[in-house]
Amino acid sequence: MKINHPVTVVLTFDDACKSHLENVAPLLKQYGFGATFFICRFKDEWRAKHEKHLLNAAEIRQLADMGFEIGNHTWNHPGLQQLSATECETEIARLDQFLNDAEVPPPVSFAYPGGPYAENAAPSLATRFPGARTTEQRPWRPDADDPMRIPAIPIQGDDEQLFFRAVEQAGPGNVVVLVFHGVPDPVHERVSTPPALFAGYLQYLHRNHYRVASMKEILRENGLTGK
Ligand SMILES: [Zn+2]
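Basically this note's numbering = 1-based index in the sequence shown + 490.
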């Protein structure tokens, strides 16, 4: 069957894994796919311990220079529900400053650490970011959904059906946002995606004429970025 209309999938990659630059970005480029990389830095001690598996400032800049969107995922990756407004603000501002120092364009998209929507943080986030991603597992309807509560579907591990079940939900008006962590992810094994499976996913999207974009592109074309 021939697909006449483009169905859209948004690819997002969380937690600043080195494998995003080494394994993911070259493949995305090969297919001309867009994507959003959500950056966080974690605690200094933890970051120092896992340094070889995490992106540094220059590598994050490299992803931005390749044309990918860089999003804010807070500095320390805390559950925002438990934080005061000031603590949320510090988490977000510190990461924005880090990206600014790395000469990365100011982030347009935000992703809630751990995934759940944080009602307490949303109003202040909305003054800074046109869109914020949760992990509420359903397709995103940009014309109807609250842009501060964008649903997305996590894909991880060896179960390819997670991916196929997710992308088959894409259609007119329904954008499927996928969440990946490392490809592979040596520091968070539970959410790791094997590189061979990932390569197969991109090949599938390409072969079936999916349009693959960043969050920012979809926000912009729905008039949600203000520019
Ligand atoms: Zn995360």
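For each residue, glycine too, the CB sits at the ideal point set by N, CA and C. As the structure is a computational prediction, the values presented were derived from the model and not from experiment.
Cβ distance (whole Å) where residue i is taken to contact residue j below 8 Å
{"i": "residue 694", "j": "residue 499", "result": "In fact, because the Cβ distance is near 10 Å, the residues do not count as touching under 8 Å."}
{"i": "residue 508", "j": "residue 563", "result": "Actually they are not in contact, since the Cβ atoms of residue 508 and residue 563 sit about 16 Å apart, beyond 8 Å."}
{"i": "residue 633", "j": "residue 712", "result": "7 Å"}
{"i": "residue 567", "j": "residue 677", "result": "The pair is not a contact, with the Cβ atoms about 12 Å apart (cut-off 8 Å)."}
{"i": "residue 687", "j": "residue 650", "result": "6 Å"}
{"i": "residue 702", "j": "residue 524", "result": "6 Å"}
Given residue i as reference, the closest of the options once Cα atoms are compared
{"i": "residue 647", "options": "666, 601, 672", "result": "672"}
{"i": "residue 666", "options": "684, 651, 641", "result": "641"}
{"i": "residue 581", "options": "565, 572, 595", "result": "565"}
{"i": "residue 709", "options": "677, 626, 619", "result": "619"}
{"i": "residue 531", "options": "576, 656, 588", "result": "588"}
{"i": "residue 627", "options": "679, 664, 615", "result": "664"}
{"i": "residue 600", "options": "545, 502, 551, 679", "result": "502"}
{"i": "residue 515", "options": "679, 714, 555, 533", "result": "555"}
{"i": "residue 574", "options": "616, 536, 519, 610", "result": "610"}
{"i": "residue 645", "options": "593, 583, 683", "result": "683"}
{"i": "residue 578", "options": "707, 552, 608, 557", "result": "608"}
Exposure of residue i, with buried meaning 16 or more beta-carbon neighbours within 10 Å
{"i": "residue 497", "result": "buried"}
{"i": "residue 675", "result": "buried"}
{"i": "residue 561", "result": "buried"}
{"i": "residue 526", "result": "buried"}
{"i": "residue 505", "result": "buried"}
{"i": "residue 669", "result": "buried"}
{"i": "residue 679", "result": "exposed"}
{"i": "residue 559", "result": "buried"}
{"i": "residue 603", "result": "buried"}
Inter-residue spacing [alpha-carbon to alpha-carbon] between residue i and residue j
{"i": "residue 720", "j": "residue 613", "result": "Absent from the structure is residue 720, since the part of the chain shown begins at 491 and ends at 717."}
{"i": "residue 697", "j": "residue 689", "result": "12 Å"}
{"i": "residue 597", "j": "residue 590", "result": "9 Å"}
{"i": "residue 606", "j": "residue 624", "result": "5 Å"}
{"i": "residue 491", "j": "residue 660", "result": "Residue confidence for residue 491 is low, a pLDDT of 48 falling below 50, so the modelled location carries little weight; the figure read from the coordinates is stated next. Cα-Cα distance, rounded: 16 Å."}
{"i": "residue 494", "j": "residue 656", "result": "Bear in mind that a pLDDT of 49 at residue 494, under 50, signals an unreliable position, so the model cannot answer this."}
{"i": "residue 569", "j": "residue 643", "result": "19 Å"}
{"i": "residue 621", "j": "residue 705", "result": "8 Å"}
{"i": "residue 718", "j": "residue 653", "result": "Because the chain in this structure spans residues 491 to 717, residue 718 falls outside the shown range and cannot be described."}
{"i": "residue 548", "j": "residue 595", "result": "13 Å"}
Go through the residues and name those whose CB comes closer than 5 Å to any heavy atom of ligand 1, in chain order.
504, 505
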